[in-house]
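>
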Amino acid sequence: MSPVRRRQVRPAPPWILPLVLGGLLAVSCIAWLLWGRQATPQLPQTAAASPVQLCDRTPGQILSLTVDNPYDEPYTLLQGQDGWQMEGEDGFVFRKAALEDMLQNCAGLTADDTLGDLKEHPEWQLMNFGLEEGCVRVTAEFTDDTSMTFRIGDGVPGEIPGRYLLLEGDSHIYITGTDVYEAYTYTCMGLHDVTDPALNGSLIDRIAFSGSDPFVMERRTDGWYMTEPLAYPLADDAVSRLLNRLEGLRFAQYVGSREKTDLSALGLDPARRTVTLDIAESILTGYDDKDQPTDQAVLPAYQLTFELGNTENDVVFYCLYRGEVMKATVFSAGFLLSQSWDSLLLTVPFNAPTNDLERLIVEQAGNREVYDIVLTERVLPNNSFETDESGNILYDFHVFRDGEETDAETFLTAYGRLLSLRTTDRLPDGYTLPDTPPRLSITVQRSSGGTRQVDLYPLDALYDAAAVDGTALFRMEKEKLTVDSLQ
């Protein structure tokens, strides 16, 4: 008899048992979830909506409103002799529209339709509708010593937006509008009124950025200039974009007063960056109902300071403004954090328009030519000024070269080429101007005030270093600017 050979069974690796148990546990959890959170019941598509008035009162009959939502700790609004107050927050100023939405939706709480009765559907659970603990829950107390509590849950599937609603003490599941839900999703401080700066860019005379990437810019008669960390003219279009952004600056949410806020925790002590605006004196004019001016008041010059702090999730950041901490969005106000001076620099050195040109001086190799520009009004035979279609006075352009009149058209053509010149790449870091005279120097004086001087220093065979008002930051192509190009 042959011996029986037994198959040798290898012991299972030690990691097999936890893997099997984990798989069984996952399957059990999925099965429990599928059993516990069944498909949410829906109304038949052909069913006609039947609105239900759940509360028929006025906002004046509400004594208090307690809101508990997933976005904040519960808070209570109280109606007193001086209006509505936030419990525990002295001097709280409400966003008027948000407060009215809360009160109106509660006083006139209405369901757009009824889904069904929990008593008739024992298989339904509150979690099927997002109405379990942790949903939006609102409790109102009324002047007749009664109260009402309702919950707002998940969105209703389908093309028509809506939310599930449960009135505590009522076994029905209702459907209400999303606007009712949104009225109670505010955090406590989200209900606080936000005072926006309401800036007028034409009144801003100086802007100082301190902290990260510091620089200072100021308005002069002939445009904007950076004064720190170096002196350089700025591009009108780039500055205009910055001023427009400042005019549109809005805050997203009130956080708290300086005294009640942990500034260091929000990156505001010290601030990450500070932006200071110098606002010029202005005149405020009052008008009557017929748009006729009635009185005027002089508003003195003043400063506004924005202290900028930490960013949250790259979406919002904290800002200390007039003693109050606000949240601002990176999308609309992030330029306060990111604005750099190099993006504002002028790349068109000659930018004085011809109607503001008073004198142009060209110096090269010891030679100096001076062009004086004179504008004279055109006079008609009846001694009145000639005007264009818009009523603007027309002028004749006269050019005097070293005191003698020269052809104006030739000069204007040459000056037009100057206006089109642009600098190119930045000069290498650490570049310093040579001690030798520039190969070419051009000075432009404006009739409205202001002088621009551009000095060109040889850099290599193709480029010059262009010093604008004494500061060299950019290159300029040699062939673009020569004495011949001015003839």
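For the sequence shown, position 15 matches number 36 in the numbering used here, and the numbering has no gaps at all.
Just so it is clear, CB atoms sit at the ideal spot from N, CA and C, and this is done for glycine as well.
Name, in chain order, the residues that DSSP records as bridge partners for Asn388.
Asn388 is bridged to Gln385.
> List the residues that DSSP assigns as beta-bridge partners of Ile414.
According to DSSP, which records beta bridges pairwise, Ile414 is partnered with Thr408.
> Between Tyr202 and Arg227, how many whole angstroms is the CB-CB distance? I'm expecting something under 8 Å.
Going by Cβ atoms, the distance from Tyr202 to Arg227 rounds to 47 Å, so no, they are not a contact pair.
> In the DSSP assignment, find the alpha helix (DSSP H) that holds Glu430 and state where it starts and stops.
Start and end: 429-441.
> Please report the straight-line C-alpha distance between Ala128 and Asn90, rounded to a whole angstrom.
Distance between the alpha carbons of Ala128 and Asn90 is about 19 Å.
> Classify Gly330: buried if its beta carbon has 16 or more other beta carbons within 10 angstroms, exposed otherwise.
Looking at its Cβ environment, which holds 16 or more other Cβ atoms inside 10 Å, Gly330 is buried.
> Less than 7 Å between the C-beta atoms of Ala318 and Leu305, yes or no?
Their beta carbons are under 7 Å apart, which means Ala318 touches Leu305 by this criterion.
> Would you mind reading off the limits of the alpha helix (DSSP H) that contains Cys340?
It is not in any alpha helix (DSSP H) - Cys340 instead sits in the beta strand (DSSP E) that spans 337-342.
> Who are the near neighbours of Leu54 in its chain, counting only those whose CB is closer than 6 Å to its CB and skipping five residues on each side?
Confidence at Leu54 is low in this model, with a pLDDT of 43, below 50, so the placement of that residue should be treated as unreliable; the coordinate-derived value is given next. For Leu54, where only same-chain residues beyond five positions count, there are no Cβ hits under 6 Å.
> Quick check: what's the CA-CA separation for Arg266 versus Ser223?
C-alpha separation (whole angstroms): 13 Å.
> How many angstroms separate the CA atom of Pro254 from the CA atom of Leu401?
Roughly 41 Å between the two C-alpha positions.
> Ala132 and Leu84 - do their beta-carbons sit closer together than 7 Å?
No, the pair does not count as a contact, with Cβ atoms beyond the cut-off.
> Could you give the C-beta distance for Phe150 and Arg78, rounded to a whole number, given that I count them as a contact under 8 Å?
So it is not a contact: roughly 26 Å between Cβ atoms.
> Measuring only the C-alpha atoms, how far is Asp485 from Asp377?
When rounded, the distance between both Cα atoms is 28 Å.
> In whole angstroms, what separates the C-alpha of Arg460 from that of Glu384?
Each residue's Cα considered, the two are about 8 Å apart.
> In whole angstroms, what separates the C-alpha of Arg158 from that of Glu94?
Going by the C-alpha atoms only, they are around 12 Å apart.
> Report the CB separation of Phe495 from Leu448 in whole angstroms; it is logged as a contact under 8 Å.
Going by Cβ atoms, the distance from Phe495 to Leu448 rounds to 6 Å, so yes, they are a contact pair.
> Count the C-beta pairs between the segment 337-344 and the segment 285-292 that are closer than 8 Å, then say yes if the count reaches three, no if not.
The answer is yes - the segment 285-292 touches the segment 337-344, with three or more Cβ pairs under 8 Å.
> According to DSSP, is Arg240 part of a helix, a strand, or is it coil?
DSSP places Arg240 in strand when its eight states are reduced to three.
> Which residues bound the beta strand (DSSP E) around Asn376?
Taken as a continuous stretch (DSSP letters only), Asn376 belongs to no beta strand (DSSP E), as it is neither H nor E.
> Using a 10 Å radius around the Cβ and a threshold of 16 neighbouring Cβ atoms, would you call Ala47 buried or exposed?
The pLDDT assigned to Ala47 is 48, lower than 50, so where the model puts this residue is not dependable, and the model offers no usable value.
> Give every residue of the same chain whose Cβ lies closer than 8 Å to the Cβ of Ile225, excluding the five residues on either side of it in the sequence, and list them in chain order.
So the list reads Arg240, Leu264, Leu267, Leu298, Asp299, Ile300, Ala301, once near-sequence residues are dropped.
> For the candidate residues Tyr205, Ser364, Gln313, whose alpha-carbon lies nearest to that of Leu120?
Of the listed residues, the one whose Cα sits closest to Leu120 is Tyr205.
> In terms of residue numbering, what span does the alpha helix (DSSP H) encompassing Lys348 cover?
Premise fails: Lys348 lies in the beta strand (DSSP E), 345-350, not in any alpha helix (DSSP H).
> Applying the criterion that 16 or more other CB atoms from any shown protein chain within 10 Å of the CB defines a buried residue, is Glu426 buried or exposed?
Exposed, since its Cβ has fewer than 16 Cβ neighbours within 10 Å.
> Beta-carbon within less than 6 Å of Asp446's beta-carbon, same chain only, minus the 5 sequence neighbours each way: which residues are those?
Arg496, listed in sequence order.
> Indicate whether Ile382 and Thr464 have their beta-carbon atoms separated by less than 7 Å.
A contact, by the Cβ cut-off of 7 Å.
> Extract the residue ranges of the alpha helix (DSSP H) inside the segment 244-332, only unbroken runs of 4 or more that lie entirely within it.
If we require 4 residues or more, the alpha helix (DSSP H) runs fully inside the segment 244-332 come out as 257-268.
> Do you know offhand how far Thr208's Cα is from Lys348's?
Near 13 Å, if we compare the C-alpha coordinates of Lys348 and Thr208.
> Using the C-alpha atoms, what's the distance from Leu442 back to Ala487?
For Ala487 and Leu442, the distance between alpha carbons rounds to 11 Å.
> Report the partner residues of Ala5 according to the DSSP bridge assignment.
The question about residue 5 has no answer, for the chain in this structure spans 22 to 508.
> For the 8 Å Cβ check, are there 3 or more pairs between the segment 170-179 and the segment 137-156?
As far as the Cβ criterion goes, the segment 170-179 touches the segment 137-156, which means the pair count is three or higher.
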